[in-house]
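Residue numbers (my numbering): 10 to 911.
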Amino acid sequence: MEIPKTYDPREAEQRHYSHWEEQGCFAPETNRDPQAPIYSIVIPPPNVTGSLHMGHALQHTLMDVLSRHKRMAGYRVLWLPGMDHAGISTQLVVSRELKKEGLTRHDLGREKFVERVWQWKHESGGQITTQMRREGASVDWSRERFTMDEGLTRAVREVFVRLYEEGLIYRGARLVNWCPNDQTVLSDLEVEKTPQAGKLYFLQYPLKEPRGEARHLTVATTRPETMLGDTAVAVNLEDERYRELIGATLLLPLTGREIPIIADEAVDPAFGTGAVKVTPAHDPADYEMGVRHDLPQVVVIDQHARMTEGAGPEFFGLDRYKARSLVVEKFEGLGLLEKVVDYEFSISKCERCKTVIEPLISTQWFCRMDKLRDLALSLMSEERKPRFVPEVPYEKTYTNWLENLRDWTLSRQLWWGHQIPAWYTGDGQIIVARSEEEARAKAGTDDLTQDPDVLDTWFSSALWPFSTLGWPDETEDLKTFYPTSVLVTARDIIFLWVSRMVMMGLKFIAETPFHDVFVTGTVLDKHGQRMSKTKMNGVDPLEVFDKYGVDATRLTLASIGSTDTRWNENQVESFRNFANKIWNAARFSLMNSEGASVGRGFEADRSQWALHDRWIISRLNKAAESVDRSLAEYDFYAAVQTLYHFFWDDLCDWYIELTKADVTAQEASPEREAARSRLLSVLEQSLRLLHPFMPYITEELWQRLPGVGPHLLHEAYSQATEPTIMLTAYPRGQARLIDERAEWEMQAIIDLVSRVRNIRSEINLKPSESINLIVGAQDARLRELFGSAKSTAQIARLVRAEKISVRESLEGVPRAAARAVLASGAEAAVPLEGLIDFAQERERLGREREKLQKEAGKLEAQLANPQFAERAPVEKVREVRERLNDIAQRTTALQQMTEALK
RNA sequence: GCCCGCUUGGCUCAGUGGUAGAGCACUCGCUUCACACGCGAGGGGUCAAUGGUUCGAAUCCAUUAGCGGGCACCA
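See below:
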């Protein structure tokens, strides 16, 4: 059989996925066990405009590991894929395309434009789904959903209507975040605050009638242009400086408007001048103040961030920043500009287009959140659900945010999205209904106009865990897969998405949408910066796949888990090397597989098995047990570490070396075939353990193993037509196969081999030169272990010894010998006539003794402390004594060895 | 401003009350019949600083410093 020395991931990556998909391996129906436990995950739907980035790759890897693991463990697994229509982003993408044709969406009109977006969606939207196939994501494509498809639209309308009928959704005029570029309102969560170097302008407003000394009042502002819409100036009641002025009237410059001086507790006397200009129509805080004091709202800025007629003829039509300069100029001209100082403040920007937000009063749809919020909060306080992993800090972040939750602005002035199911009659009556027909029936007229706005994209996302399963119908899927097992997501959408899903799930299904929430870490660039399009510092997962293979990338990502990690390619490279190691272990097994078969070789009673066989089976079972435990705790890092070290250290470095002589025997024999079969079986089990993490290489190799077939499938999947490793049973750690005695014995051998190799290396023996080895052990068990014909042959092979003799002690060993004390207490000597530099050798032993003595010193100090013996647990004290004893023995042995060299 | 997290070998990260770990990098030696994407053997850390709790602290508590994140209507 020809197998290349180096693993080339490409071929396997091209072949297996489509095969799995065609065979229906990803669908829960593949599992024929009616009693099978359920495991379900809904994917955080990527934006339809999106393409795969590291964050996706990370999330998908983790979800796939969990799904594949549970599937192999016999669960009926559903991992449901889908995409989000991503209102603003998608509309922008398509508008940009139109622009290339010299058109705007308004040229097309709404209907044609939406048609065009759908067309775009079908043609180029969702390239991410192709990329997910490359990742190996075992999602059930037959259940793929889109937040704008028919079923989800029904769910959206149903929820909207019910919330409206309950009075939780309402329409009203409020001060909202307006993006002058996207021409839409935004929710608080879609606004980002960025620090900005700006100016603080100190403007003087003359008093209508001077009071005492005071002729004017100075206010400080970062936005002078808004003064045109001022309807009051506020001071703090406690502020001595202004107390007498409360109630006085100011003449607002440039407008001639008379405005009052009012008292409000929101004013901080320490900031600026302690007097605040109040612009209820253009500032959130001022808006609140305006409501409290019943101030008029003078609108001076419009939706394009230009000055309105209300700003006066000199300003009408000016851009807000031009107006700012002009206002400042005029104040200066009037001698009312007191001063301008540099000032850094935070400015609100549109999360998408980075345009500075303009707070405007606008009529929009809102959702009251208090009742919904309470549902989520009590679920947390009473049942501690959902369970956040890691618990710190996310549980608290989530709860704190909910506690301070404000109403949610639902409407958006876009064309792409779920159009709000509200209709208006000619006389302005609002009809909210599930369909136009229903609306007509309710209104008793056909003369209806639907609200042109669409819903916030996150409204439909909030329903994702149940809308995708068929709600509002009581489908089989909904009954089976809801609530889902875990939500795997990035932390930046805990508020935007996670909390809203919990609230909606509780409201409409009366159950949490997911038991656990696993929050992934963030993949940073090598400088610790977030990867972002604007910074151009992102690493493209597809390029990493091409360079190192999908499996290696997946291991890297799985290791990241919930930790923020700087991307380092070395890590991927080392996992690429690991994949190659797996490849070559299989290559070796296959090159020596004639006459052998997976599943055979372990027929004999376990007491008949060779030590290394008992040992590797024990290690394998421990690894399996450990991986299961780690995954149950979402400790992906630990799982990867366990698998890596089991495969490389235990299986490759020791087991293969120990079994090599038998496996590569020249002559065919039942023993040789059995040893080969055992190796194949251990390898096969190891591939299964690795499969959830490295689906491609494991499938590629598994398919090549002699003796694999349908009989290896998990019983729940025994109907599957074509055997595949992904439907085999995940190995479970079995206590009866864990053999501590074998592990202790192997450890002794490993220790002996390592120490002798150390001697060889220190003495600079050529690898080709063989040695004689003398082992001295007081312990009869050790003598038996080292002295058995089988072990002797293996040790000899591993340390290149010609002869090995095992005795009770090293007495009588020639002076010219290198010696070592083993952890087990046994001693080893390698006679090397003419090669030993006695002084150097004494020094080597001396160094070792020093190490031991240093440790002994610490332990002795501990024992010398009377309080230690008094307060520490008895076991601990005994442990320390034993260790000290052990060290003492070894020190004595080292001393004797040193003597022997004199 | 408030809240939270992080600080462990050159790098990227595990560990979280009882002998400091991994991978990469580094040093030495190897074409040993699976693998140089490899094999064998090594070196390297007073676990940010200070103080406290404890028989014992990298691990718990407090303070400080640096870095990162979240929240906030300071005009």
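Glycine residues also receive a C-beta, built at the ideal position from the N, C-alpha and C atoms. The structure displayed is predicted, hence computed values, not measured ones.
Residues 239, 240, 241, 242, 243, 295, 298, 299, 304 of the same chain have their beta carbon placed closer than 7 angstroms to that of residue 287, with the five preceding and five following residues left out of the count.
Per DSSP, the continuous alpha helix (DSSP H) segment holding residue 554 begins and ends at 550-557. When Cβ pairs closer than 8 angstroms are counted between the two stretches, the region 596-607 is seen to touch the region 679-689, the count reaching three or more. Here DSSP, grouped into helix, strand and coil, assigns residue 837 to strand. Judged by their CB atoms, residue 208 and residue 349 are nearer to each other than the 9 angstroms cut-off. The beta-carbon distance between residue 463 and residue 96, rounded to whole angstroms, is 6 angstroms. This is short enough to meet the 8 angstroms contact definition.
The criterion of a C-beta distance shorter than 9 angstroms is not satisfied by residue 210 and residue 261. Within the DSSP secondary-structure output, residue 562 pairs in no beta bridge. Judged by beta-carbon spacing, residue 815 lies within the 9 angstroms limit of residue 795, meaning their Cβ atoms are closer than that value. Contact holds between the region 813-832 and the region 755-772, because three or more Cβ pairs, one in each stretch, are under 8 angstroms apart. Under the DSSP definition of a beta bridge, residue 181 partners with 373. Residue range 473-476 is occupied by the alpha helix (DSSP H) that includes residue 473. In this model, residue 490 and residue 73 are separated by some 17 angstroms (Cα to Cα). With contacts defined as CB atoms closer than 9 angstroms, residue 469 and residue 63 fail to qualify as a contacting pair. DSSP, read as helix, strand or coil, puts residue 588 in helix.
If you draw a straight line from the Cα of residue 48 to the Cα of residue 36, it comes to about 12 angstroms. The count of Cβ pairs closer than 8 angstroms, one atom from the region 707-714 and one from the region 566-585, stays below three, leaving the stretches out of contact. Boundaries for residue 432: no alpha helix (DSSP H) harbours it, while the beta strand (DSSP E) harbouring it runs 431-434, taken from the DSSP string. For residue 104, the uninterrupted alpha helix (DSSP H) segment begins and ends at 96-109. The alpha-carbon of residue 405 is positioned some 22 angstroms away from that of residue 201.
The residues 573, in chain order, have a CB closer than 6 angstroms to that of residue 531 in the same chain once the five nearest residues on each side in sequence are set aside. Taking 4 residues as the shortest admissible run, the region 753-803 contains the following complete alpha helix (DSSP H) segments, listed from N- to C-terminal end: 789-796. Between residue 893 and residue 910, the CB-CB gap reaches or exceeds 9 angstroms. With fewer than 16 other Cβ atoms from the protein chains shown falling within 10 Å of its own Cβ, residue 280 counts as exposed.
Residue 346 sits in a strand when the DSSP states are folded into three classes. The way I'd put it, the region 448-465 does touch the region 429-440; three or more beta-carbon pairs between them come closer than 8 angstroms. With contact defined as three or more Cβ pairs closer than 8 angstroms, the region 605-623 and the region 551-569 are not in contact. The C-alpha of residue 142 lies about 36 angstroms from the C-alpha of residue 627. DSSP places residue 480 in no alpha helix (DSSP H); its state is neither H nor E. DSSP places residue 48 inside the beta strand (DSSP E), whose first and last residues are 47-51. Residue range 485-490 is occupied by the alpha helix (DSSP H) that includes residue 486. For the region 51-89, the continuous alpha helix (DSSP H) assignments of 4+ residues that do not extend past its boundaries occur at 63-81, in sequence order.
Minimum Cα-Cα distance from residue 248 among the listed residues 277, 67, 429 corresponds to 277.
Taking C-beta atoms under 8 angstroms as the contact rule, residue 44 and residue 183 fail to qualify, at a distance of about 54 angstroms. Taking one beta carbon from each stretch, the region 631-640 and the region 741-755 have 3 or more pairs nearer than 8 angstroms; the two touch. Residue burial annotation: residue 356 is exposed, with fewer than 16 other C-beta atoms found within 10 angstroms of its C-beta.
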